[in-house]
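Using my numbering, read the sequence shown as starting at 205 and increasing by one per residue. A virtual CB, placed ideally from N, CA and C, is assigned to each residue, including glycine. Nothing here was measured: the structure is a model prediction, and the numbers come from that model. Since the structure comes first, as structure tokens, the remarks are kept for the end.
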Amino acid sequence: MMLDYLFPADPSKKINKGDYLKKIEGKGKKLSGMMEYYTYFFKGMYDFSVGEYIIAIQSYKKAEKKLSRVLDEIEKAEFYFKMAEVFYHMKQTHVSMYYVQQAYDIYKKHDTYKIHRIKCHFVIAGNYDDLRTHDRALSHMKKALFLLDSMEDHSPLKAKALLNMGNSYNQMGSLFSAVPYYHKAIKAAKISGAKEITQAYYDLALIHFRNNEKIEGRGFFGKAMEQAEEFNDSLFQDLLNVLKALFIETGSRQKVMNALEALRTGQG
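This is the structure:
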């Protein structure tokens, strides 16, 4: 399951999970605790991927009781990160911070785990944004960008980091600093094919509409809608329909209410 997770497109990494598990189970009872740990850990990963955060936490908590069976500290770091991630999405900020710090303390001791450290910085920054301490969030996003620049690749994480920088400045009310980062995020997303391009266009459209710059707003609105359709992103399609009702088809309270209801129910 881990190989499939890390290398989904590589057929050489595929194994018959049923045969593999039978062989491991046949080696005695020493691995039974670890097998139980992985059962709950991967179930938690699956539940998280489909948005079942409470069920994911329940699975992770069961895995945590078996964590003492895991001897490799990198695997422990992976567990701590997954806990931090799900608690971040549940807006349990301080609990998320507790786990992500444990993960980061392990990853920073290993130079080859830069991507994992970058993802830790993302979670830490997101938590600081939730606490409205955006200056501290920016500090971690700058560290993430520094690591990404040192790798000299075109990972979608670059677009995400730039977008998060823009969002932090935007929430601080510093549009002069935010707007250039949104444009940088768009440029990086075009290179890597990152879906974050949709949000960057959306945020720019909203900024211009709020500043009564309708021509610019419509331009970014159109680009955002194109990307939302290309990525089949129903959430942003609904969000863009709200913008359309508010700033383009102005004067119709009913259209605004209909757009908001579609966003609430997900039936746009």
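query, result
"For R321, count the other beta carbons within 10 Å of its own beta carbon; 16 or more makes it buried, fewer makes it exposed. Which is it?", "buried"
"For the pair the region 395–412 and the region 422–439, tell me if three or more CB-CB distances fall below 8 Å.", "yes"
"Should E356 go down as buried or exposed, given a rule of 16 or more other Cβ atoms within 10 Å for buried?", "exposed"
"Would you tell me roughly how many angstroms separate the C-alpha atoms of L349 and I319, rounded to the nearest one?", "11 Å"
"Would you mind sorting G230 into buried or exposed? The rule is 16 or more other CB atoms within 10 Å of its CB.", "Reliability of the predicted coordinates at G230 is poor, the pLDDT of 49 falling under 50, and the value obtained from them is presented with this limitation in mind. By the 10 Å Cβ count, G230 comes out exposed."
"Would you grab the beta carbon distance between A288 and S300 for me? Rounded to a whole angstrom, and I think it's under 8 Å.", "5 Å"
"Buried or exposed: where does G370 fall if 16 or more other Cβ atoms within 10 Å of its Cβ makes it buried?", "buried"
"Could you pull out every unbroken beta strand (DSSP E) segment of at least 3 residues lying fully inside the region 255–342, listed in chain order?", "none"
"Name the residue from E434, S438, Y264, K459 whose alpha carbon lies nearest to the alpha carbon of V446.", "K459"
"Nearest by alpha-carbon distance to K266: which of E240, A281, L342, A341 is it?", "E240"
"I'd like the list of long-range same chain contacts for F424, defined as Cβ closer than 7 Å, with 5 residues on each side in sequence excluded.", "Y405, L408, A409, H412"
"Expressed to the nearest angstrom, what Euclidean distance is found between the alpha-carbon atoms of I302 and E420?", "Here residue 302 is Tyr; the residue named in the question, Ile, does not match the sequence. Straight-line Cα distance between these residues: approximately 43 Å."
"Measuring only the C-alpha atoms, how far is C324 from D315?", "14 Å"
"Does the beta-carbon of S478 have 16 or more other beta-carbons within 10 angstroms, so that it is buried, or is it exposed?", "The displayed coordinates of the chain run from 205 to 472. Any statement about residue 478 would go beyond what the structure contains."
"Straight-line CA distance for P384 to K280?", "38 Å"
"Measuring alpha carbon to alpha carbon, tell me which residue in G377, I395, V290, E268 is nearest G255.", "V290"
"Secondary structure at F246, three-state DSSP: helix, strand or coil?", "helix"
"Does the separation of the CB atoms of K362 and A392 fall below 8 Å?", "yes"
"Which of the three DSSP states, helix, strand or coil, is assigned to G370?", "helix"
"List the whole-angstrom C-beta distance separating H298 from Y257, where the pair is believed to meet the contact cut-off of C-beta under 8 Å.", "With 8 Å as the limit, H298 and Y257 do not qualify as a contact, their Cβ atoms being about 17 Å apart."
"So, under 8 Å CB-CB, S277 and I310 are touching, yes? Tell me the CB distance rounded to an integer number of Å.", "The identity of residue 277 in the sequence shown is Glu, whereas the question assumes Ser. Right, the Cβ-Cβ distance comes to about 5 Å (below 8 Å), so this counts as a contact."
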